[in-house]
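So the sequences go chain by chain: A and D. What the first sequence shows, in the numbering used here, is residues 552 to 664, in sequence order. What the second sequence shows, in the numbering used here, is residues 2 to 112, in sequence order. Working notes, beginning with the structure itself.
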Amino acid sequence: GAGVSQSPRYKVAKRGQDVALRCDPISGHVSLFWYQQALGQGPEFLTYFQNEAQLDKSGLPSDRFFAERPEGSVSTLKIQRTQQEDSAVYLCASSGGTNEKLFFGSGTQLSVL
Amino acid sequence: QKEVEQDPGPLSVPEGAIVSLNCTYSNSAFQYFMWYRQYSRKGPELLMYTYSSGNKEDGRFTAQVDKSSKYISLFIRDSQPSDSATYLCAMRTSGNTPLVFGKGTRLSVIA
């Protein structure tokens, strides 16, 4: 595709609900990152994939957060039992490889009520 | 203290002004330095990408990296209202290590 695509664009969840956020990286990009951006803050790293392998998940804030990329392309970030503090914009980014530039999607804005 | 410090502003300048944005950092292992522009409700867009110390120019934008001072800057010449956005500095150590971002500086260029 022309760019990184994320869906849904907006998601409203009731506290305790599970949500799934989707990322379609740029075609052929092997590296995929998820970031969380709170209002008025810079993006904070969550997790990193190289192809289908999750090489770094040190930024995931709790075990309620889970990410997968089973075929090395599309990735899903799942948040179980959402809490109000999970409200943020979730950004996905991809790159063609090591030391390559990182391109971001427009994000999914999650609001937990 | 955060690894990357950036004054959040807001910064308001008249059209045509030279804008100076900067970040300081504490991790001397950072080697790759980037500036992203983020419009409201959009993802960050890469503006400048620099490896190690030195200057890089692209049109109206100049990025400077001073590793000895752990200080990076972005200069915007002849600023335009369309430059109004949040500017994020970002850096990483090597390879595909995660980018570490500053908080972002919100810039408004007034016509």
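Just so you know, even glycine gets a beta-carbon here, dropped at the ideal spot from N, CA and C.
message = By the three-class DSSP mapping on this structure, what secondary structure does residue 556/A have?
response = strand
inquiry  = For residue 56/D and residue 23/D, what's the separation of their Cα atoms in angstroms?
reply    = 14 angstroms
Neighbour list for residue 601/A in chain D, Cβ cutoff strictly below 9 angstroms = 97
task = Taking only the alpha-carbon atoms, compute the straight-line gap between residue 618/A and residue 608/A and give it to the nearest angstrom.
result = 9 angstroms
message = Between which residues of its own chain and residue 559/A is the CB-CB distance below 7 angstroms, once the five residues before and five after are set aside?
response = 659
inquiry  = In the DSSP output, what is residue 37/D paired with across the bridge?
reply    = 47/D, 89/D
request  = For chain D, find out if any of its Cβ atoms is closer than 8 angstroms to the Cβ of residue 654/A; answer yes or no.
outcome  = yes
task = Could you confirm whether any beta carbon from chain A is found closer than 8 angstroms to the beta carbon of residue 100/D?
result = yes
inquiry  = Quick check: the Cα distance between residue 16/D and residue 79/D, rounded to an integer number of angstroms?
reply    = 7 angstroms
ask   = With a cut-off of 8 angstroms, does the C-beta of residue 626/A fall near any C-beta of chain D?
value = no
query = Does DSSP classify residue 569/A as helix, strand or coil?
reply = coil
inquiry  = Looking only at its chain, what residues have a beta carbon closer than 6 angstroms to the beta carbon of residue 594/A, apart from the 5 residues adjacent to it on each side?
reply    = 586, 588, 642
request  = Could you tell me whether the Cβ of residue 75/D comes closer than 8 angstroms to any Cβ of chain A?
outcome  = no
ask   = Which residues, taken in chain order from the stretch 41 to 59 of chain D, show a beta carbon closer than 9 angstroms to some beta carbon of chain A?
value = 42, 43, 44, 45, 46, 47, 50, 52
inquiry  = In whole angstroms, give me the CA-to-CA distance for residue 605/A and residue 555/A.
reply    = 19 angstroms
task = Determine the chain A residues that contact residue 113/D at a beta-carbon separation under 8 angstroms, and present them in chain order.
result = Absent from the model: residue 113/D. The displayed extent of chain D is 2 to 112, so no value can be given.
message = According to DSSP, simplified to helix, strand and coil, what is residue 603/A?
response = coil
task = Step through the CB atoms of chain A and report whether any lies within less than 8 angstroms of the CB of residue 104/D.
result = yes
ask   = If you run the structure through DSSP and keep just helix, strand and coil, what is residue 636/A?
value = helix
query = Between the beta-carbon of residue 616/A and the beta-carbon of residue 597/A, is there less than 8 angstroms?
reply = yes
inquiry  = Is there a Cβ of chain D sitting closer than 8 angstroms to that of residue 623/A, yes or no?
reply    = no
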